[in-house]
Amino acid sequence: MKKTFLTFIISLFFVNAFSQDLRSTCEKINGLNNRILNGSIKRTEAVKEFAGLMAQLRVEAKIPAAVNWMFPLQGYKTNAIGGTNGNGYSDKGYNYLDGNKHSAHPAHDIFINDKNQDDIDDRSQQPVNVLAVDNGIVVACSNQWEPGSKMRGGKFIWVYHPAANIFTYYAHNRAITVKPGDEVKQGQKIAEVGRTGLNAYKKRSPTHLHFSAFKIANGLPVPFNPYQQLKQSVKK
């Protein structure tokens, strides 16, 4: 009995230490992402640091994937995606290292019913939940944004999905409910749809989630069009 209890305690110690290491890595990725966004790090340094952190993350994060994605807006489905057949997506000229200065739109804007632009769904009279499309871990986020800020993403979240080795990105949220290092399950609420961000805040912009997906290529996040995954996703 004593041996079994001791084994349990040792196992618990290593699990806790491993979890702390993973959170620490995510917090470092979050810090790096912030420096890239505000342009306070040289590109060569950013590439080197990102590669090192991703090598750690791939060792530490072991989370299985689901079969299909969950649609990222609760109560909505693919007809809420802007454009026609996903033509709102354009990644030409995008470079992750450009930070807040990039000019492309490697994303799908997913719109909610909010004619008076108060962040509240006109039908349910409730905020709309943003959901993790798959199991993963939060590697970067910001719950701080004020009108007048030039940051385009507003309150945003980056989630890493180890099984597929991809990131998903959720921007313009009114509030987020996760922090770097948090493991998230598919369909878990991670934020609420909002209007934060330089352009999303303006009256000309209908309330929406800005959703992107990124693979790793040449050591950096490179966008890919996730329209087919969204079309095949499950509605919650």
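So the sequence shown is residues -19 to -1, 1 to 217, counted in mature numbering (1 follows the signal peptide of the UniProt record, and there is no 0). In this text, a Cβ means the ideal position worked out from N, Cα and C, and glycines have one as well.
Relative to the C-alpha of residue i, which residue among the options is closest?
{"i": "His86", "options": "Ala61, Gly69, Asn97 and Ile93", "result": "Gly69"}
{"i": "Ala36", "options": "Ile10, Arg133 and Arg16", "result": "Ile10"}
{"i": "Asp103", "options": "Lys216, Thr188 and Gln209", "result": "Thr188"}
{"i": "Ala88", "options": "Ser193, Leu211 and Ser214", "result": "Ser193"}
{"i": "Lys183", "options": "Phe31, Pro128, Pro161 and Phe195", "result": "Pro128"}
{"i": "residue 219", "options": "Gly33, His83 and Cys7", "result": "The question about residue 219 has no answer, for the chain in this structure spans -19 to 217."}
{"i": "Gly200", "options": "Ser5, Arg39 and Gly12", "result": "Arg39"}
{"i": "Asn146", "options": "Gln125, Leu13 and Pro204", "result": "Pro204"}
{"i": "Thr6", "options": "Glu26, Glu30 and Ile22", "result": "Glu30"}
{"i": "Trp126", "options": "Asn154, Val109 and Ser105", "result": "Asn154"}
{"i": "Ile197", "options": "Ala32, Gly67 and Ala121", "result": "Ala32"}
{"i": "Arg185", "options": "Asn124, Gln98, Val109 and Gly67", "result": "Gln98"}
Sorted by chain position, which residues of the same chain lie with C-beta nearer than 8 Å to residue i's C-beta, five sequence neighbours on each side aside?
{"i": "Lys73", "result": "Ala85"}
{"i": "Gly80", "result": "Ile17, Leu18, Asn19 and Gly20"}
{"i": "Ile171", "result": "Val111, Leu112, Ala113, Val119, Ile138, Val140, Tyr151, Ile157, Thr158, Val159 and Val165"}
{"i": "Ala61", "result": "Leu54, Ile91, Phe92 and Ile93"}
{"i": "Gly63", "result": "Gly69, His89, Asp90, Ile91, Phe92 and His189"}
{"i": "Gln107", "result": "Ile101"}
{"i": "Lys217", "result": "Met51, Phe52, Gln55, Gly56, Leu112 and Gly168"}
{"i": "Lys96", "result": "Asp103"}
{"i": "Gln209", "result": "none"}
{"i": "Ser71", "result": "Ala85, His86 and Pro87"}
Starting from residue i, follow its DSSP beta bridges and name the residues at the other end.
{"i": "Asp90", "result": "His191"}
{"i": "Val165", "result": "Gly117"}
{"i": "Glu127", "result": "Paired residues: none, contrary to the question."}
{"i": "Trp50", "result": "Its beta-bridge partners do not exist; DSSP assigns none."}
{"i": "Thr149", "result": "Val140 and Ala194"}
{"i": "Ile62", "result": "Ile91"}
{"i": "Ser71", "result": "His86"}
{"i": "Val215", "result": "Met51"}
{"i": "Ile157", "result": "Ala172"}
{"i": "Cys122", "result": "Ile138"}
Quick one: give me the first and last residue of the beta strand (DSSP E) that residue i is part of.
{"i": "Tyr208", "result": "First-last for Tyr208: Tyr208 to Lys212, but that is the alpha helix (DSSP H), not the beta strand (DSSP E)."}
{"i": "Val203", "result": "Leu201 to Phe205"}
{"i": "Val140", "result": "Lys136 to His142"}
{"i": "residue 244", "result": "What is shown of the chain runs -19 to 217, which leaves residue 244 out entirely."}
{"i": "Asn110", "result": "Asn110 to Leu112"}
Assuming residue i and residue j form a contact by the criterion Cβ under 8 Å, report the distance between their Cβ atoms to the nearest whole angstrom.
{"i": "Pro202", "j": "Phe148", "result": "6 Å"}
{"i": "Asp100", "j": "Arg176", "result": "6 Å"}
{"i": "Ala42", "j": "Leu78", "result": "Not a contact, Cβ separation roughly 23 Å."}
{"i": "Thr59", "j": "Leu211", "result": "6 Å"}
{"i": "Asn14", "j": "Ala181", "result": "Not confirmed; about 19 Å, so no contact."}
{"i": "Glu26", "j": "Val109", "result": "Not a contact, Cβ separation roughly 39 Å."}
Using a Cβ-Cβ cut-off of 7 Å (strictly less than) and excluding sequence neighbours within five positions of residue i, which residues of its own chain qualify?
{"i": "Pro53", "result": "Ile91, Val111, Leu112, Val114, Tyr151, Leu190 and Phe192"}
{"i": "Pro45", "result": "Asn116 and Ala144"}
{"i": "Asn66", "result": "none"}
Could you name the residues of the same chain whose beta carbon sits closer than 6 Å to that of residue i, not counting the 5 residues immediately before and after it, in chain order?
{"i": "Val215", "result": "Asn49 and Met51"}
{"i": "Gln213", "result": "Asn49"}
{"i": "Pro207", "result": "Ala194"}
{"i": "Gly134", "result": "Ala152 and Gly178"}
{"i": "Asp163", "result": "Val119"}
{"i": "Gln1", "result": "none"}
{"i": "Tyr75", "result": "His83, Ala85, Pro87 and Pro204"}
{"i": "Asn124", "result": "Lys136 and Ile157"}
Quick one: give me the first and last residue of the alpha helix (DSSP H) that residue i is part of.
{"i": "Lys29", "result": "Arg24 to Glu41"}
Got a sec: is the Cβ-Cβ distance from residue i to anything in chain D below 8 Å?
{"i": "Gln210", "result": "This model lacks chain D altogether; it includes just one protein chain."}
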